[in-house]
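Everything in the sequence shown is counted per my numbering, starting at 3 for the first residue and increasing by one.
We treat Cβ as the ideally placed atom computed from N, Cα and C, and that holds for glycine.
Here the structure is laid out as structure tokens; the discussion comes afterwards.
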Amino acid sequence: MLNIQRPRRNRKSAAIRALVEETKVTTDDLLFPLFLIDGVNQKVEVTSMPNIYRYSLDLMLKEIEACLKLGVKAFDVFPAVEDSFKDKTATKSYDANFFYLRALREIKKQFPEACIMTDVAMDPYSSDGHDGLVKDGKILNDETLEILGKMALAQAETGIDIVGPSDMMDGRVGYIREVLDANGFTDVSIMSYTAKYASAFYNPFRDALDSAPKFGDKKTYQMNPANKSEALIEAELDFMEGADFLMVKPALAYLDIIQLLKQNFNLPIAAYNVSGEYAMVKAAAQKGWLDGDRVMKETLLSMKRAGADIILTYFAKEFAQQVK
Ligand SMILES: NCc1[nH]cc(CCC(=O)O)c1CC(=O)O
Ligand SMILES: [Mg+2]
3 MLNIQRPRRN
13 RKSAAIRALV
23 EETKVTTDDL
33 LFPLFLIDGV
43 NQKVEVTSMP
53 NIYRYSLDLM
63 LKEIEACLKL
73 GVKAFDVFPA
83 VEDSFKDKTA
93 TKSYDANFFY
103 LRALREIKKQ
113 FPEACIMTDV
123 AMDPYSSDGH
133 DGLVKDGKIL
143 NDETLEILGK
153 MALAQAETGI
163 DIVGPSDMMD
173 GRVGYIREVL
183 DANGFTDVSI
193 MSYTAKYASA
203 FYNPFRDALD
213 SAPKFGDKKT
223 YQMNPANKSE
233 ALIEAELDFM
243 EGADFLMVKP
253 ALAYLDIIQL
263 LKQNFNLPIA
273 AYNVSGEYAM
283 VKAAAQKGWL
293 DGDRVMKETL
303 LSMKRAGADI
313 ILTYFAKEFA
323 QQVK
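This is how it looks when you write it as structure tokens:
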């Protein structure tokens, strides 16, 4: 038998394998989501996310400093809000004196070189636990945009770098772009949660923020996991409305969507390796059923290989520690 092509020749040593390696994940690609709580000296582990904590500002500053030293330079800050501060219209989301906006100002003041992103959606501040304004059991689209605009503006005023609309209302990227530009924030970027699916993988995040919907589900605004063409419609709209990055969320069960957007758009593509994907790996590793470190690296690699330029991941710090 004559084997002219023997692909195994390119696998025969670590040095050759390194030469022909096509995809690399580095800390440059990673964006680390962080959970913020009010108070001082607070560090509370998220039950369903081992090694992920909710930090008060003082300890979050220390965490960011440690991450920067490891080469993680981008962070997404999510506040956990006490029930007593939640209302129908998410008023606290744009109250400049509320703890999370004060915290963002301090974070940017201390670490101007870090890239700080914020989430734009009503759920953490809403007594209904929905991303949009609720009336008679329905999520109103255009009425929500006004609130999202105020929220994005209040966040931009703290000096942050990127706003991330995660609410899936139609037209919100364009609306937010207009509000930001009209107020002189032409330099604040928008990372749109473009193809965000109504997924079962968000539960640990909703535990972390205590932000689960109080009734129903999010299927009238988040996408149906069965749909693919619709992701192209969402991406086209976000591109036209001025998005700087297109995000796919979740990541692992949606690698085909990441690849689709990468092939069809020239904007940077972000993948959100969500809370449930993190929890799955951690749970199996704790049981000794999987090698957690190797699975972490393999899954991050798969997202990059599919076409993600940026990965939002709770593994960011751990990954950085391991490649250091
Ligand atoms: N709209 C808020 C928001 N922003 C990011 C996530 C999920 C992140 C994760 O699971 O890690 C969610 C939850 C949701 O839409 O219910
Ligand atoms: Mg959309």
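Are the segment 132-140 and the segment 205-223 in contact at 8 Å, needing three or more beta carbon pairs?
yes
Check whether the Cβ of F170 lies closer than 7 Å to any heavy atom of ligand 2, and answer yes or no.
Position 168 of the sequence shown holds residue 170. The sequence shown places Met at residue 170, not Phe. At least one heavy atom of ligand 2 sits closer than 7 Å to the Cβ of M170.
Taking the alpha-carbon of S201 as reference, which of A255, A237, Q265 and T29 has the nearest alpha-carbon?
Taking the sequence shown and counting its residues from 1, the one referred to as residue 201 is at position 199. Closest option to S201, Cα to Cα, is A255.
May I ask which residues mark the beginning and end of the alpha helix (DSSP H) holding E320?
As a first step, residue 320 must be located in the sequence shown, where it is residue number 318. E320 -> alpha helix (DSSP H) spans A318 to V325.
For Y274, which option in S213, K198, I66 and Q261 has the closest C-alpha, if you only look at C-alpha atoms?
Translated into positions along the sequence shown, residue 274 becomes position 272. When only C-alpha atoms are compared, the closest one is K198.
Please classify I235 as buried or exposed, where buried requires at least 16 neighbouring CB atoms within 10 angstroms.
Within the sequence shown, residue 235 is the residue found at index 233, counting from 1. Under this definition I235 is an exposed residue.
Using the rule of at least 16 other Cβ atoms within 10 Å of the residue's Cβ for burial, across every protein chain shown, is I6 buried or exposed?
Counting from one through the sequence shown, the residue named residue 6 turns up at place 4. By the neighbour-count rule (16 or more Cβ atoms within 10 Å), I6 is not buried but exposed.
Could you tell me the distance, in whole angstroms, from the CA atom of Y57 to the CA atom of V46?
Position 55 of the sequence shown, counting from 1, holds the residue named residue 57. Position 44 of the sequence shown, counting from 1, holds the residue named residue 46. One C-alpha to the other measures close to 7 Å.
Once you ignore the five residues that flank Y96 on each side, which residues in its own chain have a CB closer than 6 Å to its CB?
Working through the sequence shown from its first residue, we reach residue 96 at position 94. So the qualifying residues of the chain are K152, M153 and A156.
Can you determine whether any heavy atom of ligand 2 sits closer than 7 Å to the C-beta of L254, and answer yes or no?
Taking the sequence shown and counting its residues from 1, one reaches residue 254 at position 252. No, ligand 2 has no heavy atom inside 7 Å of this Cβ.
How far does the beta strand (DSSP E) with I312 in it reach, from first residue to last?
As a first step, residue 312 is located in the sequence shown; it is residue number 310 there, counting from the start. Residues I312 to T315.
Please list the terminal residues of the continuous alpha helix (DSSP H) segment that includes T146.
Here residue 146 refers to the residue found at position 144 of the sequence shown. Start and end: D144 to A158.
Does the separation of the CB atoms of P52 and Q288 fall below 8 Å?
In the sequence shown, residue 52 corresponds to position 50, counting from 1. In the sequence shown, residue 288 corresponds to position 286, counting from 1. Against a cut-off of 8 Å, the Cβ pair of Q288 and P52 comes out as a contact.
Helix, strand or coil for T93, going by three-state DSSP, please let me know.
The residue given as residue 93 occupies position 91 in the sequence shown. If DSSP states are grouped into helix, strand and coil, T93 belongs with the helices.
Tell me which residues share the same chain as I54 and place their Cβ nearer than 6 Å to its Cβ, disregarding the 5 neighbours each side in the sequence.
Residue mapping note: residue 54 aligns to position 52 of the sequence shown, counting from 1. Here the set comprises V48 and Y316.
Got a sec, what are the start and stop residues for the beta strand (DSSP E) S129 sits in?
As a working note, residue 129 is residue 127 in the sequence shown. Element bounds for S129: n/a, residue is neither H nor E.
DSSP three-state label for L32, please.
Here residue 32 is taken as the residue at index 30 of the sequence shown, counted from 1. DSSP places L32 in strand when its eight states are reduced to three.
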